[in-house]
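In the numbering used here, each residue's number is its place in the sequence shown (first place is 1) plus 72. Idealized CB from N, CA, C, for every residue including glycine. For reference, the structure is listed below as structure tokens.
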Amino acid sequence: MPRQARYREIAHVLGRSIESGELAPGERLPTEDALAERYGVHRLTARQAMVELRKAGLVETRQGLGSFVRRAPRRIEVSVDPETRRHRPSDIAGMAGLFTGGERLVERGEVAHPAAAGHLRLPGGIVHEITTLLRNGERPCVLSRYRLAPELAGLRLDPKAGVLASLEAAGHAYRYAWRAISAEPADLHDQSMLEMQAGEAVVVREGLLTHDGQPLCHVERRCRGDMISFVTRYD
């Protein structure tokens, strides 16, 4: 059986110390130089061990301060009623208190997105895209992209109500035709907007809204997996 790489051995030892509570949430970890000296390895080996811990979601790096044991944040539960395919009013009220400041508009405009245009049955591949950001306190947690037909480019947005409520206020009652959930590595835009690190994964929830049986809006939400969980309630 091949011997485990040294950096993985070091990451395993440190990981066990974190999971056992020996290294507490928020505690600063030794520097790469200190780890290299402790384990008798090159500094690059110690650095790779820290990369492994970041990939596992056990530590976070703060610019200019070092690496720290990541605190386990409270996940915000986003629940859906399977009958209506929407959030219950009581859940919406609860989430409103957790997502501070409403949906902040990041940008909007026409973009080429053949896949979304296909879902919306639009020729030409051009959609009107609205990008928003949700925060929990000071921490960004959900980056959403709403893709509509270009004819809806004049939709008036109410930041406190959100894009979907703004659609309904404009007379576009909607229903989800489908939803899909997946995970993928955070890209550079995710890392910037959601304050994530390279190697971390985002939870992607995608769906299609319809109005009177016709495609209305393609929604893509990119979420921090350590802050958001999706739940379907059957009672």
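Query                                                                                                                                                                                           : Result
Can you look up Arg217 in the DSSP assignment and give me helix, strand or coil?                                                                                                                : strand
Compute the beta-carbon to beta-carbon distance between Thr204 and Glu175, rounded to the nearest angstrom, for a pair I have assumed lies under 8 angstroms.                                   : 4 angstroms
Identify which residue in Ala270, Gln286, Ser139, His84 has its Cα closest to the Cα of Leu260.                                                                                                 : Ala270
What's the C-alpha gap between Gly93 and Leu86?                                                                                                                                                 : 11 angstroms
Going by CA-CA distance only, name the one from His283, Gln286, Leu281, Ala252 that's closest to Val303.                                                                                        : Ala252
Rounded to the nearest angstrom, what separates His244 and Gly197 at their Cα positions?                                                                                                        : 22 angstroms
Where does Arg100 land, buried or exposed, given buried means 16+ other C-beta within 10 angstroms?                                                                                             : exposed
Answer with buried or exposed for Arg293, where buried requires no fewer than 16 other C-beta atoms within 10 angstroms of its C-beta.                                                          : buried
Tell me, please, which residues DSSP counts as bridged to Tyr111.                                                                                                                               : Per DSSP, none; premise fails for Tyr111.
Can you tell me where the beta strand (DSSP E) with Ala187 in it begins and where it stops?                                                                                                     : Where Ala187 is concerned, there is no enclosing beta strand (DSSP E), although the alpha helix (DSSP H) it sits in stretches over 186 to 191.
Threshold first: 4 residues or longer. Then list the alpha helix (DSSP H) segments lying entirely within the region 229 to 288, N to C.                                                         : 235 to 241, 260 to 265
Suppose you measure from the CA of Glu240 to the CA of Tyr246; what does that come to, to the nearest Å?                                                                                        : 7 angstroms
From which residue to which residue does the beta strand (DSSP E) around Leu205 run?                                                                                                            : 198 to 208
Just to check, is the beta-carbon of Arg228 closer than 6 angstroms to a non-hydrogen atom of the ligand COA?                                                                                   : As presented, the structure is devoid of all ligands, the ligand COA included, so that no description of it is given.
Please work out which residues of its chain come closer than 8 angstroms, Cβ to Cβ, to Thr102, disregarding the five sequence neighbours upstream and downstream, and give them in chain order. : Sequence inspection shows Pro at residue 102; the Thr mentioned does not correspond to that position. Cβ neighbours of Pro102 beyond the five flanking positions: Arg110.
Is Pro212 helix, strand or coil when you go by DSSP?                                                                                                                                            : strand
Measure how close the beta-carbons of Glu182 and His200 come, nearest whole angstrom, since I'm counting them as under 8 angstroms.                                                             : 6 angstroms
In whole angstroms, what is the alpha-carbon distance linking Arg217 and Pro186?                                                                                                                : 15 angstroms
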